[in-house]
Every structure is written in structure tokens, then in C-alpha cells.
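Residue numbers are given in my numbering: position 225 of the sequence shown equals residue 225, and the series is strictly consecutive.
Here's the structure, in C-alpha cells; my notes come after.
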Amino acid sequence: MAAGALKYRDPKKIAKIGRKVTEHLNSNPAVQWLESPHAQLYVCQNFLSDKDCDFLIDKINDNARPSTLYEGTEQEGYRTSFSCDVDPHDPEIQRINAAIADLLGIPLEYSEIIQGQRYEVGQEFKQHHDYFFVEQPYWMDEARNGGQRTWTAMAYLNVPEEGGATAFPTLDYAVEPRRGMLLIWNNMLPDGKPNINTLHAGTPVIKGTKYIITKWFRVNPWGKAPAAT
């Protein structure tokens, strides 16, 4: 494996990011820690305004396409939602982008573009991790594209009539959608290694439609090769 691809194995750097974000979130009275000894999960109620939610829902509806998985990891019926990469040059998207990064205390350049998702009745994203598995063929590209994912921020844009919770099966915990709420979690352990307990699923929508946006953060600036050390 190339030296650049091994940068993700630098647990000290990942752990340092984790400590800084944890300190930043814990100091914010608007952020609530979802107490668990096995993973770091937080929520921020009313992070997005109704106007923001409506704006993002419209963007998703205008640009939605069937969601995909990495080549070589596809499984029939595993991810059945619709996805949308929003326009990063839109001033409103830039404002929301910056607000999420600011809440976590991570420089914006370490984050991926916001992705929107729409789940219709019966659609779901089965159990998965957001961090990358380095034995997969896609890893070499992702290693050059910012490296490992560290934190995830997911905002709920509406409340479906029934279903659509974000379930963490190993934590025996599920987060019900609330309009405007931001759910945040650390994909890594305190020592900087992947946390298998962050396994999660977008459970099937039973009635109505569910809209969310997701923003992932990397160990290195997104879209750039890891810096030499």
C-alpha cells in the first residue's frame, strides 16, 4: 500500500481531531450529548430553520438520482433511496456548509460537499459504517481524496408520517427524525481507530417521505493528497 494511503493509520492525528471536536461540542450549550459508553453521538435541535429545510428539500427534489454504493460493494436492495449533491457555489449552501463546520470546529476544507437524500415509502439504507474499509478497491482513491472519514453530521429536513429512524443497532438506540435537528457522531474511537459501534441504518419509511442532508469530514483536506510528514 502506498505511503499516502497509510496516512489514515496515523491514529494520533485522528485522535487529535476527535479531542478537539469533542471539546468544541461539549462547550456549546445548544448541543446535547446522547450518553453512550460505546460511541460519541450528539444532537443540536433546531439547527436548521424551516426556511433552510424547505430550501434544501427543493434542491433535493430538483436534482435527486438513485443512490449508489462504491463499485465492488453493491448489494441489491441495500441502499434504495435517492441522493443529490448540492451546488457548492450556491450562497445559501455555502452558508449552511460553513455553519455545520463551525459547529463541529473543523475547518471547512476538511469536509465533503453536502449530500441530500430522499427516502420514499419502503426505501432504506441498510446497516453500514461511514468510515472507509482500507481493504476495499475504492480506498486508494479515497486516500488521495482526503483520507479517512472522521465525523458525520446529518440534518433532518422533515418528519415522515411513520418510520425513517436512524438506528444504531449495536448501541440499541434509534434517533427519530425531527425537522431541523442535526445529528453528529464520531466514526472513530478516542484512540483514532475506526469504531465498529457506529454501525447504523436509515430504517425504511413506512408512510410519507423523509429528507435529510449528510456532511462527512476527513482526516485531511478533502480532494487533496495527504500532506507529507
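Cβ atoms here follow ideal geometry from the backbone N, Cα and C, with glycine treated the same way.
What span of residues does the alpha helix (DSSP H) with residue i cover, start to end?
| i | result |
| --- | --- |
| D54 | D50 to N63 |
| W139 | W139 to A143 |
| V21 | P11 to N26 |
| A39 | It is not in any alpha helix (DSSP H) - A39 carries neither H nor E in the DSSP assignment. |
| I206 | First-last for I206: V205 to K207, but that is the beta strand (DSSP E), not the alpha helix (DSSP H). |
| Q123 | Per DSSP, Q123 belongs to no alpha helix (DSSP H) and is neither H nor E. |
| A101 | P91 to L104 |
Output the boundary residues of the beta strand (DSSP E) element that contains residue i.
| i | result |
| --- | --- |
| D85 | F82 to D85 |
| L182 | L182 to N186 |
| R179 | Per DSSP, R179 belongs to no beta strand (DSSP E) and is neither H nor E. |
| R79 | No beta strand (DSSP E) holds R79; DSSP gives it neither H nor E. |
| F168 | T166 to F168 |
| H200 | H200 to G202 |
| K193 | First-last for K193: undefined, no H or E at that position. |
| Y156 | R149 to Y156 |
Between residue i and the rest of its own chain, which residues show a CB-CB distance below 6 Å, the 5 nearest in sequence each way excluded?
| i | result |
| --- | --- |
| Q117 | S81, S83 and I212 |
| N46 | G180 |
| I57 | L157 and Y211 |
| A227 | Here A227 scores only 43 on pLDDT, less than 50, and its place in the model should not be relied on; the value that follows carries that caveat. There are no such residues. |
| M1 | Legend: pLDDT at M1 = 46, less than 50; position of this residue unreliable, no value from coordinates given. |
| I184 | Y42 and A153 |
| K12 | none |
Might you give, ordered along the chain, the residues of its own chain that have their beta carbon closer than 7 Å to the beta carbon of residue i, omitting 5 neighbours on each side?
| i | result |
| --- | --- |
| T229 | Confidence at T229 is low in this model, with a pLDDT of 33, below 50, so its placement is unreliable and the value that follows should be read with caution. Closer than 7 Å at the Cβ level, and outside the excluded window around T229, lies no residue. |
| K215 | I100, S111, E112, I114 and A153 |
| E142 | F132 |
| D85 | I113 and Q115 |
| G223 | N145 and G146 |
| Q40 | T22, W185 and N186 |
| C53 | L157, N158, R179 and G180 |
If we ignore side chains and look at the alpha-carbon of each, how far apart do residue i and residue j end up?
| i | j | result |
| --- | --- | --- |
| V121 | G163 | 9 Å |
| T198 | P221 | 23 Å |
| I17 | I100 | 16 Å |
| I206 | D10 | 42 Å |
| E135 | H89 | 34 Å |
| N28 | V21 | 11 Å |
| D87 | N97 | 11 Å |
| L171 | H38 | 7 Å |
| M140 | E35 | 35 Å |
| N187 | L25 | 15 Å |
| P177 | T209 | 11 Å |
| F247 | K59 | Since the first and last residues shown for the chain are 1 and 229, residue 247 lies out of range. |
| P137 | R218 | 18 Å |
| P66 | D191 | 36 Å |
| Q148 | L48 | 27 Å |
| I196 | R79 | 20 Å |
Below 8 Å on the Cβ atoms is my contact criterion, and I expect residue i with residue j to pass it. Report the Cβ-Cβ distance as a whole number of Å.
| i | j | result |
| --- | --- | --- |
| E124 | T68 | That belief does not hold up - the Cβ atoms of E124 and T68 are roughly 15 Å apart, past 8 Å. |
| V31 | M181 | Rounded, the Cβ-Cβ distance is 11 Å, inconsistent with contact. |
| A201 | K126 | 6 Å |
| L189 | W151 | With a Cβ gap of about 13 Å, L189 and W151 do not count as contacting. |
| E109 | F55 | E109 to F55, Cβ: 24 Å. No contact. |
What does a CB cutoff of less than 8 Å around residue i pick up in its chain, not counting 5 residues either side in sequence?
| i | result |
| --- | --- |
| Q94 | P88 |
| N61 | R118 |
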